[in-house]
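Q: Residue 221 in the working numbering is what sits at position 220 of the sequence shown, and the numbering runs on without skipping anything.
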Amino acid sequence: HYLGRPYFQKELVAMQKREIIVSAVISGILVTLVMFFIFRRPWGIAVSLFSIALGMLLFMGFLSISGRELNAMAALYPVLMIIVGTSDVIHIMSKYVDELRKGYRKEKAIVTTIKEIGLATLLTSLTTAIGFASLLTSRIGPIRDFGINAAIGVIIAYVTVLFFTTAVISWFRADQIIKLGRGQAFWERSMEWSYRFTRSYPLRIALGGLAVLLLSLWGISRITTNYRIENNLPMGEKITEDFLFFEKNLAGFRPMEFAVYAKDGYKANDYEVIREIAKVEDYLHQIPAVQAVASITAVYKSINQMMRNNNPGAYALPESKEQFGRYRRMAEQVPELAVDVLLSKDEKKARITSRIRDVGADNIQDMGDRIDRWIATNTDTSVVEFKRTGTGLIIDKNSEYVRRNLIQGLGMAILIVSLLMALLFRNWKMLFISLVPNVFPLLLAGALLGFLGIELEAGVSIVFAVIFGIAVDDTIHFLSKFKLARNKGLSIEESLHITFLETGKAIVLTTVILFFGFLVMLFSIHPPSVTIGLLISLTLFSALVSDLALIPVLIRWMMKEEEKVEQEEGALEELPATGAETGLSRDGLYL
2 HYLGRPYFQK ELVAMQKREI IVSAVISGIL VTLVMFFIFR RPWGIAVSLF SIALGMLLFM
62 GFLSISGREL NAMAALYPVL MIIVGTSDVI HIMSKYVDEL RKGYRKEKAI VTTIKEIGLA
122 TLLTSLTTAI GFASLLTSRI GPIRDFGINA AIGVIIAYVT VLFFTTAVIS WFRADQIIKL
182 GRGQAFWERS MEWSYRFTRS YPLRIALGGL AVLLLSLWGI SRITTNYRIE NNLPMGEKIT
242 EDFLFFEKNL AGFRPMEFAV YAKDGYKAND YEVIREIAKV EDYLHQIPAV QAVASITAVY
302 KSINQMMRNN NPGAYALPES KEQFGRYRRM AEQVPELAVD VLLSKDEKKA RITSRIRDVG
362 ADNIQDMGDR IDRWIATNTD TSVVEFKRTG TGLIIDKNSE YVRRNLIQGL GMAILIVSLL
422 MALLFRNWKM LFISLVPNVF PLLLAGALLG FLGIELEAGV SIVFAVIFGI AVDDTIHFLS
482 KFKLARNKGL SIEESLHITF LETGKAIVLT TVILFFGFLV MLFSIHPPSV TIGLLISLTL
542 FSALVSDLAL IPVLIRWMMK EEEKVEQEEG ALEELPATGA ETGLSRDGLY L
């Protein structure tokens, strides 16, 4: 059995490589099935898959060229790139086919596709990238790296699809890309039912939303950060077996250390200071979870035992300062006595080392606070100062950083996305309507953590940034279509009706892709990755329900029929007013 940071790093790197390959293969199979279901033509499937693969290869090449290191979350990269690329490809290719079916030439169809869907997907890519970039507020290095890498990956996927895919599909006719037909009865019935439900039962929807809100807040109150190292180790791997062996049979892995600072002219190996160190050691020995306590006092205790015929009961400090002085001179005459790891060269600082069982981050934090209070009360602070330090303290601080940075990062992401929404819709009511449905998935994700007993640790904390960045995309598509319909002079009800029929299917299909895409993470041997996949899949499904149920109700309550809709210039006017806005026409897909 092996234990230690170098061994952990070696095994985790090997695990990351396997995870990337496995997740890429499974995601590739999933996307192939989705593309077959949508396009039903060899060339359409081939172009879409090659576009997605090219984006992922460019991203992995970027990671290599820029010298970025892979961490435990690297297995998410292939899944993210494939899912984001798939969504962009579906929108671009379907819009191009729709333009060809209207009778436009290929050149005109490509230009229209880039102007209209290219802009829409740019907005959704930016909001997704902002969600990931919010992780830059974290004080945990691997989380920051994942955030910036994922944000760059989203943009790479968009640029690849925008330029490569549009260039390649211009070689093909519409019927070579997609199987044309009318299989829309199911979708139209479903979207018609959804529209009528929101119109007939707004109070029920509002009460249901309120109930979900209260239930989510209750679940969030149950969240803890008492995570254990064992729960983050790969399932069924040798590294986990080794860790559990040392936890069960030896002192364990997690360190707890104390720095000792001598004060007022004392040295760290003076009798007065050594006696205070011994007090702390004795207290640590009384805590069952603390093992393998060691300090410079062991030298003098061992000499005292040796001078008393190796009597085990004599393993203690000498009773007088004079006797301690003799032992100290004896220790100085032993050239092989290496105490550099426990005593500084200037003898002003010393160190107490120990190992602590993997009893959970919160439990260890509480234990550390109790030790600090005991030291402040029971040691002579005029002689010596004790301070908890070392890598163990950094591990324990992660739980605090996760909570703090999670709120800061999400707040920053919501603020930036709000500014984008304000520029897009130029209406504070639409801004409010666009944000409310995207808060519910975040609350539900927190509630699932609480109800399922999943500890909020560094890896799991990225769930919220991913959810917000992706969930807001469907909201943009829905509200953009609604706004465009209003700009055409349609009433609120007419605008909502056409939005459901022409955009609702695209939102549902995209969510299905995301749902199964992130479920790929269930095949991971890395527990946080499994948790992330499950949480994101479930909460993105809730985001779909939130968009289709809450947005229409909020629109009817907050917007008045007699309100005149301003004709806006800029990006919104560039978006088309037909079902092709979403990249999926009402009769362009064989579904």
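Every residue, glycine too, gets a C-beta built ideally from N, C-alpha and C.
The structure presented is a predicted model; accordingly, all values stated were derived computationally and were not measured.
Report the CB separation of Val440 from Thr128 in whole angstroms; it is logged as a contact under 8 Å.
A: As a first step, residue 440 is located in the sequence shown; it is residue number 439 there, counting from the start. As a first step, residue 128 is located in the sequence shown; it is residue number 127 there, counting from the start. Actually they are not in contact, since the Cβ atoms of Val440 and Thr128 sit about 15 Å apart, beyond 8 Å.
Q: What are the boundary residues of the beta strand (DSSP E) that Phe479 is part of?
A: Residue numbering aside, residue 479 sits at position 478 when the sequence shown is read from its first letter. Looking at the DSSP string, Phe479 is not in any beta strand (DSSP E); the run it does join, the alpha helix (DSSP H), is 463-488.
Q: What does a CB cutoff of less than 8 Å around Gly369 pick up in its chain, not counting 5 residues either side in sequence?
A: Locating residue 369 in the sequence shown gives position 368, where the first residue counts as 1. Here the set comprises Met257, Arg389, Leu394, Asp397.
Q: Apply the 10 Å Cβ neighbour rule to Lys484 and answer buried if 16 or more other Cβ atoms are within range, or exposed otherwise.
A: The residue labelled residue 484 in the question sits at position 483 within the sequence shown. Counting Cβ neighbours within 10 Å, Lys484 comes out buried, since at least 16 surround it.
Q: Note down, one range per segment and in chain order, each alpha helix (DSSP H) of at least 4 residues found wholly within the stretch 117-148.
A: Those alpha helix (DSSP H) runs which fall completely within the stretch 117-148 and span 4+ residues do not exist here.
Q: Is any heavy atom in the ligand SAM found nearer than 7 Å to the beta carbon of Thr512?
A: Within the structure as shown, the ligand SAM is missing, as the structure has no ligands at all.
Q: Is DSSP giving Glu564 helix, strand or coil here?
A: The residue labelled residue 564 in the question sits at position 563 within the sequence shown. Interpretation of Glu564 is limited by its pLDDT of 49, a score under 50 that renders its predicted location unreliable; no figure is taken from the coordinates.
Q: Determine the closest residue to Ile468 out of Ile415, Leu432, Thr500, Ala507, with distance taken between C-alpha atoms.
A: For the purposes of this step, residue 468 is taken as residue 467 along the sequence shown, with counting starting at 1. Considering only alpha carbons, the answer is Ile415.
Q: Between Ser218 and Ile372, what straight-line distance do the alpha-carbon atoms span, to the nearest angstrom?
A: Taking the sequence shown and counting its residues from 1, the one referred to as residue 218 is at position 217. Taking the sequence shown and counting its residues from 1, the one referred to as residue 372 is at position 371. According to the sequence displayed, residue 218 carries Leu and not Ser. When rounded, the distance between both Cα atoms is 34 Å.
Q: Starting from Ala293, follow the beta strand (DSSP E) in both directions and report where the run begins and ends.
A: Position 292 of the sequence shown, counting from 1, holds the residue named residue 293. Per DSSP, Ala293 belongs to the beta strand (DSSP E) from 291-295.
Q: Would you mind working out which of Asp367, Ile170, Phe479, Thr113 sits nearest Val90, comparing C-alpha positions?
A: As a first step, residue 90 is located in the sequence shown; it is residue number 89 there, counting from the start. Comparing Cα-Cα distances from Val90 to each of Asp367, Ile170, Phe479, Thr113, the minimum goes to Ile170.
Q: Inspect the beta-carbon positions of Thr167 and Thr114 and report whether they are closer than 8 Å.
A: For the purposes of this step, residue 167 is identified with residue 166 of the sequence shown, where counting begins at 1. For the purposes of this step, residue 114 is identified with residue 113 of the sequence shown, where counting begins at 1. Contact: yes.
Q: Name the one or two DSSP bridge partners that Arg255 has.
A: Against the sequence shown, residue 255 aligns to sequence position 254. Beta-bridge pairing links Arg255 to Ile357.
Q: Can you find the residues in the same chain that come closer than 6 Å, C-beta to C-beta, to Tyr8, ignoring five residues on each side of it along the sequence?
A: Taking the sequence shown and counting its residues from 1, the one referred to as residue 8 is at position 7. Nothing meets the Cβ criterion.
Q: Using the Cα positions of Arg19 and Arg174, report the straight-line distance between them to the nearest angstrom.
A: For this step, residue 19 is matched to residue 18 along the sequence shown. For this step, residue 174 is matched to residue 173 along the sequence shown. About 40 Å.
Q: Under a three-way DSSP split, which group does Tyr262 fall into?
A: Counting from 1 along the sequence shown, the entry for residue 262 is found at position 261. The answer is strand: DSSP assigns Tyr262 an E or B state.
Q: Please name the residue in Ile93, Leu539, Ile278 whose C-alpha comes closest to that of Pro442.
A: For the purposes of this step, residue 442 is identified with residue 441 of the sequence shown, where counting begins at 1. Per the Cα distances, Leu539.
Q: Where does Met16 land, buried or exposed, given buried means 16+ other C-beta within 10 angstroms?
A: Here residue 16 corresponds to residue number 15 of the sequence shown, with the count starting at 1. When all chains shown are included, Met16 counts as buried.
Q: Please classify His498 as buried or exposed, where buried requires at least 16 other C-beta atoms within 10 Å of its C-beta.
A: What you label residue 498 is simply residue 497 of the sequence shown in a count that begins at 1. Buried, by the Cβ-count rule.
Q: Span of the alpha helix (DSSP H) holding Thr167?
A: Start at 1 with the first residue of the sequence shown, and residue 167 comes out as number 166. Where Thr167 is concerned, the enclosing alpha helix (DSSP H) stretches over 167-170.
Q: Spatial neighbours of Ala263 within its chain, please: C-beta separation below 8 Å, excluding the five flanking residues on both sides.
A: Residue numbering aside, residue 263 sits at position 262 when the sequence shown is read from its first letter. Here the set comprises Ala269, Asp271, Val274, Glu348, Lys349, Lys350, Ala351, Val384, Val385.
Q: Let me check one thing: in DSSP terms, what residues is Glu386 bridge-paired to?
A: Position 385 of the sequence shown holds residue 386. Beta-bridge pairing links Glu386 to Tyr262.
Q: Ordered along the chain, which non-local residues of its own chain (more than five positions away) have a Cβ less than 6 Å from that of Met422?
A: Against the sequence shown, residue 422 aligns to sequence position 421. Counting only Cβ-Cβ distances below 6 Å, and skipping sequence neighbours, we find Leu432, Ser435.
Q: Quick test of the definition: if touching needs 3 or more C-beta pairs under 8 Å, does the stretch 508-518 touch the stretch 25-36?
A: Touching, per the Cβ criterion.
Q: Taking the alpha-carbon of Ala377 as reference, which of Lys280, Asn311, Phe426 has the nearest alpha-carbon?
A: One-based indexing of the sequence shown puts residue 377 at position 376. The residue with the shortest Cα to Cα distance from Ala377 is Lys280.
Q: Let's see if you can read the secondary structure: which residues bound the alpha helix (DSSP H) around Asn233?
A: The sequence position of residue 233 within the sequence shown is 232, counting from 1. Neither: Asn233 is in no alpha helix (DSSP H) and is coded neither H nor E.
Q: Given that a residue counts as buried once 16 or more other Cβ atoms are within 10 Å of its Cβ, and exposed if not, what is Glu563?
A: Here residue 563 refers to the residue found at position 562 when the sequence shown is read from its first residue. Confidence at Glu563 is low in this model, with a pLDDT of 41, below 50, so the placement of that residue should be treated as unreliable; the coordinate-derived value is given next. Counting Cβ neighbours within 10 Å, Glu563 comes out exposed, since fewer than 16 surround it.
Q: So what does DSSP say about Arg352, is it helix, strand or coil?
A: Along the sequence shown, one-based indexing puts residue 352 at 351. Three-state DSSP puts Arg352 in a strand.
Q: Would the stretch 119-137 and the stretch 145-157 be scored as touching if the rule is three or more Cβ pairs under 8 Å?
A: With the cut-off at 8 Å, the stretch 119-137 and the stretch 145-157 touch.
Q: Pull up the CB-CB distance for Val300 and Ala332, whole angstroms please, since I reckon it's below 8 Å.
A: Taking the sequence shown and counting its residues from 1, the one referred to as residue 300 is at position 299. Taking the sequence shown and counting its residues from 1, the one referred to as residue 332 is at position 331. Right, the Cβ-Cβ distance comes to about 5 Å (below 8 Å), so this counts as a contact.
Q: Do you know offhand how far Gly184's Cα is from Ile39's?
A: Here residue 184 corresponds to residue number 183 of the sequence shown, with the count starting at 1. Here residue 39 corresponds to residue number 38 of the sequence shown, with the count starting at 1. Per-residue confidence for Gly184 stands at a pLDDT of 49, beneath the threshold of 50, marking its modelled position as unreliable; the derived number appears in the next sentence. Roughly 11 Å separates the two Cα atoms.
Q: Taking its Cβ as the centre, do 16 or more other Cβ atoms sit within 10 Å of Glu458, making it buried, or is it exposed?
A: The sequence position of residue 458 within the sequence shown is 457, counting from 1. Glu458 should be labelled buried.
Q: Less than 8 Å between the C-beta atoms of Met57 and Met82, yes or no?
A: Against the sequence shown, residue 57 aligns to sequence position 56. Against the sequence shown, residue 82 aligns to sequence position 81. Yes, Cβ-Cβ distance for Met57 and Met82 is below 8 Å.
Q: Please list the terminal residues of the continuous alpha helix (DSSP H) segment that includes Asp594.
A: This structure gives no information on residue 594, because the portion of the chain shown stretches from 2 to 592.
Q: Answer with buried or exposed for Glu100, where buried requires no fewer than 16 other C-beta atoms within 10 angstroms of its C-beta.
A: Residue 100 sits at position 99 when you count from the first residue of the sequence shown. Under this definition Glu100 is a buried residue.
Q: Considering only C-alpha positions, which residue in the set Gly314, Asn227, Ala212, Asp367 is nearest to Ile288?
A: To locate residue 288, count along the sequence shown from 1; it is residue 287. Here the closest residue by C-alpha is Asp367.
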